[in-house]
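Colleague: Quick one: the structure is below, and I'll ask about it shortly.
Chains as they are written, first to last, in our numbering: chain A, 969 to 1224; chain B, 188 to 494; chain C, 250 to 524.
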C-alpha cells in the first residue's frame, strides 16, 4: 500500500495581479520503506512538492494522504513525528546562535520525549559525529558536519518518512559520498521512507528505486532506476537531462 | 608564572573547540565576542565611559565632597569659579557643582536603564510579532507604530508630561513610550528576513508553536541589532531627558539633574560660564561614551557590518 | 614556444589569530593557447589562485610568487596603470554568479558598451556589443541590451556576463565556476558557447571548477588542487590514468547513473598529501 499519496496537487503563490502557479496536477505515490526521487531543474517545482506536503507552501488544490489519512491542515504534532525534512543548505538550516545540543533537544522538548540526554547523544553517534560535537555552535562545523546535524535533527523524533531537499548539493563531492552513504545506511537500519529531491540525476538514480521528472510545475515522466540506467525514456526533456549529466561533449550535439 | 598558568588554562577552556557542557559553550561564545570587542579601541573607550558612569552613580555618596542639595554659606560661597575646594565651582545657591554632577549621574543612569528596560521589550515584541505573522496584524501594529513615529519625540514627551504632571518618573515614562517605535520597525525588518530562513522552516517542521519560534529563534537574532540601536539612541535619550529638565518638565529642583542644572545656569552664562558648562560637559561625555560603545558593539555583533 | 602565462611558486597567505595561514602553497604552471582546468574542493585554493592572476587577491591577503608573468609583463610589481591596461583588455574573468557581478542599476547594453569604450572604439561600441550578444547565442540582443540584470534568467545573465568579458577580445579568460549556479542543461549550452569562442578566437582559458567530470570533458589539461597545492597535473583525456589517490578518490566517489556501487567509495584523506 502506498504510504504517501499525492493527487492533482496544485500550489499557487501570490495573489491578485501576480499569480504564479508553481505546481499543476502533480500526482505521485510513495510506498512504505521506498526511496522515491524527484528530479528537475530550478523552477520545476520539485522542492515545492515537499514544502506543500509539510504545509510550508500554499496548496490551492488536490489531495495529500499519508497512510490512507488526509494530511491535516494545519499539521498536527503527530504529522511532525511521522514526517521530517532535511534542507538543502546546511549553512542556513541551523540557527546560528544555538548549540547543536539545543538544536537536537528542542524537538524532544516540544514533543515531550523522555531520556533527552541519551537521545541527543545517540542521535549524534548515529550520524557519525559523536558526543564531542554536542556543545559546539554551527560556525564551528564544516558543511558536511552541519548536514549530519540536520539529519540527526530530522531523525531525533523517530519519524518514518524523511523528505530530503537537495541534501548534498551544497557539499563537496567527497563529502556528498559520505552523506549519501549515511542516508543509505540509516534507511536500511530503520526502514525509513525517503522522498529525495535533487537536480542531479546521478544522485537520484543512486539513491532511489523510482523517480519522477518535473518541468515547470508538472510531472513529465515516471521512471524506474533500471529505465534510467538503460536510457529508456519517452520524454525529450528527460533525455536532454541524461545527456547533460554526462558532462560536456565536444562534438556538437543535435540542437533542440 | 604560577599566576599565569591558570589564566592560560581558563583562556583555553573558554576557547575550546569542543566544549563539554552548555555553560562552557555559552561562556566560550561570550568570551570570543569579548575578545573581538577588545580589539576596537574606541569601543573600549566608550565602554570605559559608561562603566565610569555606573561606578560614579553607585559610589556618588562617597565621591561627592559636598551635599548636592544643601548649599553652603550664601554670602561667601555663591558662584565661585572652579578651584581646589570646588573642582567645578559653585552655583547660585552656593552648592558644589562637582557634587551635583556626580549625583546627577544617578538620575541619568536611572533614565537610561529604565528607558532601555521599558522600550526595548515593547519594541521587540511588537516588531517580531508584526513581522512574523504578517497580514492584518502587521498592518494594525505598524500603523500604530507609524502614529507614534510621526510625532516629534520631545513634543510627544512634552504632551505626556503635561498630562501626567512634571517629574523625573513621568519624564522617563514619556521618553520610553516615545522611543520604542524605531526598535519595533528595526525588529520587524530583521524578522522579515529571518522568518523565511531555512532554520525557521526547520523548527516549524519540528512542530514548534509561534510563541516558541518568536521568542527562542527570531528574537535572539533581532536582539543584537536592537541592542546596538538602543545603545546608539542612549545619547538621544539622555539629551531628551536633559531637554525636558531644561524646560522644567523633567526632574524638579532641587534634584541635581544635568538638564535642569543647565537651565538653572543659563541666566549666568556670560559671567559665570562654569555653572551651565560643567553639567553640559557631563552630558556630552556620557552621550559620546554611549555612541562609541554602540559603534563598537555594532562591529562585533552585526555580521553584516563585519564583512 | 613561449607560454602566455607562467606561474612559479605562487603563495597566498591570509592572517588569522594563529598567525598567517597559507591557502595557496607553491602553485606553478605554464599556460599556452589551451583550455586549462583547475579542479579542487572548497578550500583547495583554486579560486584564490585564479584571482591572484588578475591581482584581485583580497586586501587582507598577500600573494607572492617567484615568477608571475603574462606575455612578458611581470605581474608581481605591476602598477595600477598596468593592471588597468591588462584587466578587461587582455585578461578577464567570469565569476560564478552573474547576479553579483553585474551592476544592478545599469542596463546590460550600457555595461557592455562601457566595456568596449574603456578599451577604445567608441564609435562602433553598439554594433560590437550587439554582435557579441549574438555570439553568445542570445536570440533577441536588442531586448537584452535594454534589460536590467534582474530581468534576465540565470543562463541569460551568465551569457551576458561572458559577452561582457569577451567583447574586448582578451587573450586570457579566467572562468571561476562559470556554470555552477546554472541548471545542467543550460550549463552545457553556456559551455558550448564558451568553447566555440575560445576555439574561434584562439583564446587561452583557465577553467576553475569543483566538478571533475565537467572539467575533464571540457578542458585539454587539468590541475588537481588539494589544500593549496597542485597534487596532480594530467591531460584531460587521460583522466582514467590518474595516479594520485586524491584524484582517484574524487573520480570514484561520484555516484553514476550506470554504476551501482554501494556504499559509495569514500575519499580517505591522507595527511601525507599536505606535504
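Positions of the beta carbon are idealized from the N, C-alpha and C atoms, including for glycine.
If we count the other Cβ atoms within 10 Å of its Cβ and call it buried at 16 or more, is residue 451(C) buried or exposed?
Modeller: Taking the first residue of the third chain as position 1, residue 451(C) is located at position 202. It counts as exposed.
Colleague: Output the distance between the C-alpha atoms of residue 1200(A) and residue 277(C), rounded to the nearest integer angstrom.
Modeller: The count along the first chain starts at 1 and reaches residue 1200(A) at position 232. The count along the third chain starts at 1 and reaches residue 277(C) at position 28. Answer to the nearest angstrom: the Cα atoms are 46 Å apart.
Colleague: So with CB distances below 9 Å, who are the chain A contacts of residue 199(B)?
Modeller: For the purposes of this step, residue 199(B) is taken as the residue at position 12 of the second chain. In chain order: nothing, as chain A lies at least about 15 Å away.
Colleague: Have a look at the DSSP bridge pairing and note the partners of residue 332(B).
Modeller: One-based indexing of the second chain puts residue 332(B) at position 145. According to DSSP, which records beta bridges pairwise, residue 332(B) is partnered with nothing at all.
Colleague: Between residue 234(B) and the ligand HEM, is the CB less than 7 Å from at least one heavy atom?
Modeller: The ligand HEM is absent from the structure shown, which contains no ligands of any kind.
Colleague: Less than 8 Å between the CB atoms is what I'm expecting for residue 988(A) and residue 1068(A), so what's the real figure, rounded?
Modeller: Within the first chain, residue 988(A) is the residue found at index 20, counting from 1. Within the first chain, residue 1068(A) is the residue found at index 100, counting from 1. About 37 Å separates the two Cβ atoms, so there is no contact after all.
Colleague: Within the chosen definition, does the region 996-1016 of chain A reach the region 1182-1194 of chain A through at least 3 CB pairs nearer than 8 Å?
Modeller: Touching, per the Cβ criterion.
Colleague: Give the residues of chain F in contact with residue 1041(A), contact being defined as C-beta atoms less than 7 Å apart.
Modeller: Of the protein chains in the structure, A, B and C, none is chain F.
Colleague: Answer with buried or exposed for residue 442(B), where buried requires no fewer than 16 other C-beta atoms within 10 angstroms of its C-beta.
Modeller: The residue labelled residue 442(B) in the question sits at position 255 within the second chain. Classification of residue 442(B): buried, given that the 10 Å Cβ count is 16 or more.
Colleague: In chain C, what lies closer than 7 Å to residue 1197(A) by C-beta?
Modeller: Taking the first residue of the first chain as 1, we reach residue 1197(A) at position 229. In chain order: 506 and 507.
Colleague: In chain B, what lies closer than 9 Å to residue 1067(A) by C-beta?
Modeller: Here residue 1067(A) refers to the residue found at position 99 of the first chain. Chain B residues near residue 1067(A): 206, 209, 212, 213 and 216.
Colleague: Anyone know if the C-beta pair for residue 996(A) and residue 1032(A) falls short of 8 Å?
Modeller: Here residue 996(A) corresponds to residue number 28 of the first chain, with the count starting at 1. Here residue 1032(A) corresponds to residue number 64 of the first chain, with the count starting at 1. Taking 8 Å as the Cβ cut-off, residue 996(A) and residue 1032(A) do not qualify as a contacting pair.
Colleague: Going along chain A, which residues have a C-beta under 9 Å from residue 290(C)?
Modeller: To locate residue 290(C), count along the third chain from 1; it is residue 41. By Cβ distance, chain A contributes 1140, 1141, 1142 and 1143.
Colleague: Opposite residue 1006(A) in the DSSP bridges: which residues?
Modeller: The residue labelled residue 1006(A) in the question sits at position 38 within the first chain. Beta-bridge pairing links residue 1006(A) to 1165(A) and 1180(A).
Colleague: To the nearest angstrom, report how far apart residue 320(C) and residue 303(C) are at their CA atoms.
Modeller: Along the third chain, read from residue 1 onward, the residue named residue 320(C) stands at position 71. Along the third chain, read from residue 1 onward, the residue named residue 303(C) stands at position 54. Approximately 13 Å between the Cα atoms of the pair.
Colleague: Reducing DSSP to helix, strand and coil, say where residue 502(C) ends up.
Modeller: Looking up residue 502(C) in the third chain gives position 253. Reduced to three states, the DSSP call for residue 502(C) is coil.
Colleague: Report the CB separation of residue 1103(A) from residue 202(B) in whole angstroms; it is logged as a contact under 8 Å.
Modeller: Along the first chain, read from residue 1 onward, the residue named residue 1103(A) stands at position 135. Along the second chain, read from residue 1 onward, the residue named residue 202(B) stands at position 15. Actually they do not touch by this definition, with Cβ atoms about 13 Å apart.
Colleague: Strictly by DSSP, which residues pair up with residue 475(C)?
Modeller: Reading the third chain from its first residue, position 226 is the one you call residue 475(C). Answer by DSSP bridge pairing, in chain order: 478(C).
Colleague: Which runs of the beta strand (DSSP E), 3 residues or longer, sit entirely within the region 1011-1043 of chain A?
Modeller: Taking only runs of at least 3 residues, the beta strand (DSSP E) segments lying wholly in the region 1011-1043 of chain A are 1027-1034.
Colleague: Residues of chain A with a CB under 8 Å from the CB of residue 318(B): which are they?
Modeller: The residue labelled residue 318(B) in the question sits at position 131 within the second chain. Under the 8 Å cutoff, chain A gives no residues; its nearest Cβ is about 17 Å from residue 318(B).
Colleague: Is residue 1120(A) near residue 436(C), with beta carbons less than 8 Å apart?
Modeller: Reading the first chain from its first residue, position 152 is the one you call residue 1120(A). Reading the third chain from its first residue, position 187 is the one you call residue 436(C). No, they are not a contact pair.
Colleague: Which residue from 1154(A), 1049(A), 1136(A) and 1172(A) puts its Cα closest to that of residue 1081(A)?
Modeller: The count along the first chain starts at 1 and reaches residue 1081(A) at position 113. Per the Cα distances, 1049(A).
Colleague: Verify whether the separation of the beta carbon atoms of residue 253(C) and residue 292(C) is less than 8 Å.
Modeller: As a position in the third chain, residue 253(C) is number 4, starting the count at 1. As a position in the third chain, residue 292(C) is number 43, starting the count at 1. Contact flag unset, no.
Colleague: DSSP three-state call for residue 493(B): helix, strand or coil?
Modeller: For the purposes of this step, residue 493(B) is taken as residue 306 along the second chain, with counting starting at 1. Unreliable positioning characterises residue 493(B) in this predicted model, as indicated by a pLDDT of 44, which lies under 50. A coordinate reading is not provided.
Colleague: Please check if any C-beta of chain B sits within less than 8 Å of the C-beta of residue 982(A).
Modeller: Counting from 1 along the first chain, the entry for residue 982(A) is found at position 14. Taking Cβ atoms only, chain B never reaches closer than 8 Å to residue 982(A), which makes this a no.
Colleague: In chain B, which residues lie less than 7 Å from residue 1103(A) when you measure between Cβ atoms?
Modeller: Position 135 of the first chain, counting from 1, holds the residue named residue 1103(A). In chain order: 206, 207, 208, 209, 211 and 212.
Colleague: Quick check: is the beta carbon of residue 1052(A) nearer than 8 Å to any beta carbon in chain B?
Modeller: The sequence position of residue 1052(A) within the first chain is 84, counting from 1. Output row for residue 1052(A): interface = yes.
Colleague: Report yes if the CB atom of residue 1053(A) is closer than 8 Å to the CB atom of residue 1122(A), and no otherwise.
Modeller: Taking the first residue of the first chain as position 1, residue 1053(A) is located at position 85. Taking the first residue of the first chain as position 1, residue 1122(A) is located at position 154. A contact, by the Cβ cut-off of 8 Å.
Colleague: Does the Cβ-Cβ distance between residue 263(C) and residue 256(C) come in under 8 Å?
Modeller: Translated into positions along the third chain, residue 263(C) becomes position 14. Translated into positions along the third chain, residue 256(C) becomes position 7. Taking 8 Å as the Cβ cut-off, residue 263(C) and residue 256(C) do not qualify as a contacting pair.
Colleague: What do you get for residue 1133(A), buried or exposed, if any count of 16 or more other CB atoms within 10 angstroms of its CB means buried?
Modeller: Locating residue 1133(A) in the first chain gives position 165, counting from the first residue. When all chains shown are included, residue 1133(A) counts as buried.
Colleague: Looking only at DSSP bridge pairs, what is residue 994(A) linked to?
Modeller: Residue 994(A) sits at position 26 when you count from the first residue of the first chain. Partner(s): 977(A).
Colleague: Mind reading off the beta-carbon distance from residue 341(C) to residue 358(C)? Whole number of angstroms is fine, and I expect it under 8 Å.
Modeller: As a working mapping, residue 341(C) is identified with position 92 in the third chain. As a working mapping, residue 358(C) is identified with position 109 in the third chain. No, residue 341(C) and residue 358(C) are not in contact; Cβ-Cβ is about 18 Å, not under 8 Å.
Colleague: When you compare the CB of residue 322(B) with every CB in chain A, is at least one pair closer than 8 Å?
Modeller: Indexing the second chain from 1 puts residue 322(B) at position 135. No, residue 322(B) does not count as interfacial toward chain A.
Colleague: Give the secondary structure of residue 190(B) by DSSP, where H, G and I count as helix, E and B as strand, and everything else as coil.
Modeller: Residue 190(B) sits at position 3 when you count from the first residue of the second chain. Annotation note: pLDDT 47 at residue 190(B) (below 50); position unreliable, no value reported.
Colleague: Residue 1190(A) bridges to which residues according to DSSP?
Modeller: Residue numbering aside, residue 1190(A) sits at position 222 when the first chain is read from its first letter. Paired residues: 1180(A).
Colleague: Please list the terminal residues of the continuous alpha helix (DSSP H) segment that includes residue 486(B).
Modeller: For the purposes of this step, residue 486(B) is identified with residue 299 of the second chain, where counting begins at 1. Per DSSP, residue 486(B) belongs to the alpha helix (DSSP H) from 461-488.
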